[in-house]
Amino acid sequence: MERRLLRVVRTGVACFILLFLVITGCATLQMDYAKSASYALKDPDTTALGRRFASERAKKPGESGFYILSSGMDAFVARVLLTEAAERTLDLQYYIIQDDLTTAFLAERLIRAAERGVRVRLLVDDMGGGIKDFEVTLFAAHPNIEVRLFNPFSERQSGFFRLFEMLGNYGRVNRRMHNKMFVADNQAAIIGGRNLADEYFQARPDVNFADLDLLAVGPIVRDISASFDEYWNSDWAIPIGAFVDRQPTKQDLEEKWKELQKRNAEAKDSDYARALRQTDLIRQLEKGKIPLAWAEGQVVCDRPGKIADLEQSDPSLYLGPQLRPFLESTQKELILISPYFVPGRDGVKILEKMRKRGAAVRILTNSLAATDVAAVHSGYARYRKDLLKLGIELYEMRPTPSQKRKMEREEARVGSSRASLHAKSFIFDRQTIFVGSKNLDPRSAYLNTEIGLVVKSPELARQLVALFEEGTQPQRSFRLDLRPSLGGDDSPSPDQYLVWVTEEKGEEVYYENEPMAGVWRRFSAWFLSLLPVEKQL
8 MERRLLRVVR TGVACFILLF LVITGCATLQ MDYAKSASYA LKDPDTTALG RRFASERAKK
68 PGESGFYILS SGMDAFVARV LLTEAAERTL DLQYYIIQDD LTTAFLAERL IRAAERGVRV
128 RLLVDDMGGG IKDFEVTLFA AHPNIEVRLF NPFSERQSGF FRLFEMLGNY GRVNRRMHNK
188 MFVADNQAAI IGGRNLADEY FQARPDVNFA DLDLLAVGPI VRDISASFDE YWNSDWAIPI
248 GAFVDRQPTK QDLEEKWKEL QKRNAEAKDS DYARALRQTD LIRQLEKGKI PLAWAEGQVV
308 CDRPGKIADL EQSDPSLYLG PQLRPFLEST QKELILISPY FVPGRDGVKI LEKMRKRGAA
368 VRILTNSLAA TDVAAVHSGY ARYRKDLLKL GIELYEMRPT PSQKRKMERE EARVGSSRAS
428 LHAKSFIFDR QTIFVGSKNL DPRSAYLNTE IGLVVKSPEL ARQLVALFEE GTQPQRSFRL
488 DLRPSLGGDD SPSPDQYLVW VTEEKGEEVY YENEPMAGVW RRFSAWFLSL LPVEKQL
């Protein structure tokens, strides 16, 4: 009986290995698929957007204009307005694009832009594409629209088979393009943490990602476009045509266009659509001007070759070293906002050095109950006591709506959602800010590619500090603290335990376990913390 069972096991293992080899061996990637290089608009000053900001640029030579998009609705409206204002080019680079309400609305606007002669380039990471290849091909069938997938999987059909490909080619497919940008006519750009999906624009009734973008105009946009061009023309960006068996027919295109128009017509009178017409950004435009903050800024970004640098041997490919001077020069206060925060031992040492030279360090991240990635929380949790012992202020966002007061009016119109922090922003001495796609975790540092803007502006820093203060109010977040444990005789013990301090019904309360998370979620985080996966988080 035992021998028979052993033979069955051996046969099963052999079949599994054979299946694995067949799948990974047959999956081929057309890295040499025909494509043409293309670049950002060379004479953007001649466009309407170029003329719109020309006088302000002339008064502020060398500076660019910036506007913080903290509201999800404002962020969506800004993208739509740039799409409608573009005359020559639109360049979009995203990690995630979902087939939902806001994407359908934006897709129609992009097609209409292409109809009036605008060249549209869309670069999306293949891990985050929530739309089928053929659907994307329909979009890209327009002669003025081109779509490329970054670092694509060979397997196109099934998540199961993609899992096999990850096992067989983990070093490559585990590295993803996490960049997010939206550029119109090489004159105006949006950089930040938002992907293209309803949850980033306050359009989902069940969840709202509290996020941040920067709208930028002026000379910095050319540097943003240069980063897009480098990714677009890299060997890792493959045209969508390489992954479909047939090209769409005229009938396919007509049916898809009718479907898209029908979806958007049905959504036109929704509560969300009505709320969009009353956003702060719309009100500013009705007054005739967006209050831009003009300042010196720079693009900091990973280069596409980072995903092939398996030995992490080329510092020029990485964003991290570009931010280090700002960390090292911070003397008084560092504020960090990161939804996924896994500092690692090296990160704790950097923060310890800052505390020793007298700088305050304040951090806002997600609580276990608020995070959408419990595995990352398990990597972060082991460092909380060390951070608190250094005198660092540590806050965790609660899974409750209305993260910012300025969003409350909009949420009242579209319904409350479970809140989850998704913004990535750092504030150095209340003088300089970073806003971008980079989280403070090993994955952002070493595996994924990222982009962001560093801006020397006390005005923008003041605005972000105000958002941080709102987010860390006791009714919106938990403040972590250490309390001394008691020994068997009720005397103080050298051991300390964590408490989460918050406010409920106007009174201060504290928790001694991960609050509002539930038993199963706590167990999952604990179990994941036992696995040696921190470098992947």
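Under the working numbering, the residues of the sequence shown are numbered 8 to 544, in order.
We put the beta carbon where it would ideally sit given N, CA and C, even for glycine.
The structure displayed is predicted, hence computed values, not measured ones.
Rounded to a whole number of angstroms, what is the C-alpha to C-alpha distance between residue i and residue j?
| i | j | result |
| --- | --- | --- |
| isoleucine 227 | proline 346 | 26 Å |
| glutamate 266 | alanine 121 | 18 Å |
| arginine 412 | proline 406 | For arginine 412, the predicted model reports a pLDDT of 38, less than 50, meaning its position is unreliable and no value from the coordinates is stated. |
| glutamine 543 | proline 311 | 19 Å |
| alanine 223 | valine 472 | 19 Å |
| glutamate 142 | aspartate 133 | 14 Å |
| lysine 42 | threonine 144 | 15 Å |
| valine 180 | isoleucine 104 | 18 Å |
| alanine 381 | alanine 532 | 6 Å |
| methionine 188 | proline 212 | 25 Å |
| alanine 300 | alanine 61 | 15 Å |
| phenylalanine 348 | proline 449 | 9 Å |
| tyrosine 517 | valine 355 | 26 Å |
| valine 127 | isoleucine 440 | 30 Å |
| aspartate 98 | leucine 219 | 20 Å |
| lysine 313 | histidine 185 | 12 Å |
| lysine 49 | isoleucine 458 | 22 Å |
| proline 246 | arginine 364 | 51 Å |
| valine 609 | leucine 221 | Examination of residue 609 is not possible in this model, given that the chain is present from 8 through 544 alone. |
| proline 539 | phenylalanine 112 | 43 Å |
| alanine 280 | leucine 76 | 18 Å |
| glutamine 438 | lysine 139 | 44 Å |
| arginine 425 | aspartate 205 | 13 Å |
| alanine 196 | leucine 537 | 42 Å |
| alanine 65 | glycine 72 | 12 Å |
| arginine 469 | glutamate 318 | 40 Å |
| leucine 358 | lysine 275 | 49 Å |
| alanine 148 | alanine 114 | 13 Å |
Spatial neighbours of residue i within its chain, please: C-beta separation below 7 Å, excluding the five flanking residues on both sides.
| i | result |
| --- | --- |
| threonine 54 | Glu94, Arg95, Asp192, Gln194 |
| aspartate 236 | Tyr46, Ala47 |
| aspartate 436 | Thr337, Gln338, Lys339, Glu340 |
| glutamate 303 | Gly69, Glu70, Lys463 |
| glutamine 329 | Val307 |
| alanine 92 | Ala55, Leu56, Ala191 |
| aspartate 502 | Ser492 |
| glycine 327 | Ala452 |
| arginine 182 | Asn158, Ile314, Leu454, Asn455 |
| arginine 490 | Gln503, Tyr504, Val506 |
To which residues of the same chain is residue i closer than 6 Å at the C-beta, ignoring the five residues directly before and after it?
| i | result |
| --- | --- |
| proline 305 | Inspection of the sequence shows that residue 305 is occupied by glutamine rather than by proline. Excluding positions up to five away in sequence, the list reads Val461. |
| isoleucine 342 | Arg369, Ile434, Phe475 |
| arginine 352 | none |
| glycine 386 | Val349, Glu541, Leu544 |
Who are the near neighbours of residue i in its chain, counting only those whose CB is closer than 8 Å to its CB and skipping five residues on each side?
| i | result |
| --- | --- |
| isoleucine 362 | Before going on, a small fix: residue 362 reads as arginine here, not isoleucine. Once the five neighbours on either side are set aside, the close Cβ partners of arginine 362 are Val368, Leu397, Gly398, Ile399. |
| glutamine 291 | Ile297, Pro298 |
| tryptophan 264 | Ile118 |
Determine the closest residue to residue i out of the options, with distance taken between C-alpha atoms.
| i | options | result |
| --- | --- | --- |
| aspartate 107 | Asn202, Ser432, Ala388 | Asn202 |
| glutamate 262 | Pro465, Glu206, Phe146, Lys139 | Phe146 |
| arginine 270 | Tyr40, Gly57, Arg229, Thr109 | Thr109 |
| aspartate 39 | Ser464, Phe250, Tyr402 | Phe250 |
| serine 427 | Ile458, Tyr207, Asn240, Leu56 | Tyr207 |
| proline 298 | Arg364, Phe83, Glu466, Ala366 | Glu466 |
| serine 277 | Ser232, Asp252, Ala210, Leu326 | Ala210 |
| serine 492 | Ala244, Arg486, Leu505 | Leu505 |
| tyrosine 238 | Tyr102, Arg253, Asn151 | Tyr102 |
| leucine 487 | Glu541, Leu394, Asn186 | Leu394 |
| arginine 123 | Pro150, Phe112, Gly135, Asp140 | Pro150 |
| arginine 86 | Lys275, Pro246, Ile198, Ser241 | Ile198 |
| glycine 225 | Pro481, Leu489, Ala430, Glu63 | Glu63 |
| arginine 155 | Ala244, Gly386, Tyr402 | Ala244 |
| threonine 90 | Ser432, Tyr325, Arg116 | Arg116 |
| valine 131 | Gln100, Asp140, Leu283, Asp252 | Gln100 |
| phenylalanine 534 | Arg490, Ile231, Ala388, Asp321 | Ala388 |
| aspartate 82 | Leu129, Arg58, Ala217 | A quick correction: the sequence has alanine, not aspartate, at residue 82. Nearest of Leu129, Arg58, Ala217 to alanine 82, Cα basis: Ala217. |
| valine 383 | Ser323, Phe160, Arg528, Ile231 | Arg528 |
Taking 8 Å as the cut-off, is the CB of residue i close to at least one heavy atom of the ligand ADP?
| i | result |
| --- | --- |
| valine 383 | Although the ligand ADP was asked about, the structure shown includes no ligands whatsoever. |
Would residue i count as contacting chain D if we go by Cβ distances under 9 Å?
| i | result |
| --- | --- |
| aspartate 107 | The question asks about chain D, but that chain is absent: this structure has only one protein chain. |
Inset, instruction - May I ask you to verify whether the region 365-380 touches the region 519-529, counting CB pairs closer than 8 Å and requiring at least 3? - result: yes
Inset, instruction - Determine, using beta-carbon pairs with one atom in the region 452-469 and one in the region 376-395, whether at least three such pairs fall under 8 Å. - result: no
Legend entry - Touch test, the region 256-266 against the region 502-510, Cβ-Cβ under 8 Å, three pairs minimum: no
Inset, instruction - Return the chain-ordered ranges of every alpha helix (DSSP H) run that is complete within the region 98-142 and spans a minimum of 4 residues. - result: 108-122
Legend entry - Every unbroken beta strand (DSSP E) inside the region 417-461 [3 residues or more]: 425-428, 432-435, 439-443
Inset, instruction - Write down every uninterrupted run of the beta strand (DSSP E) in the region 181-251 whose length is 3 residues or greater and which is fully enclosed by it, in chain order. - result: 188-191, 195-199, 214-217, 220-224, 244-246
Inset, instruction - Please specify which runs of the beta strand (DSSP E), each continuous and at least 3 residues long, are wholly inside the region 455-543, giving them in chain order. - result: 458-463, 484-493, 499-511, 514-518
Legend entry - Length at least 4, wholly inside the region 310-342: the alpha helix (DSSP H) runs in chain order: 327-336
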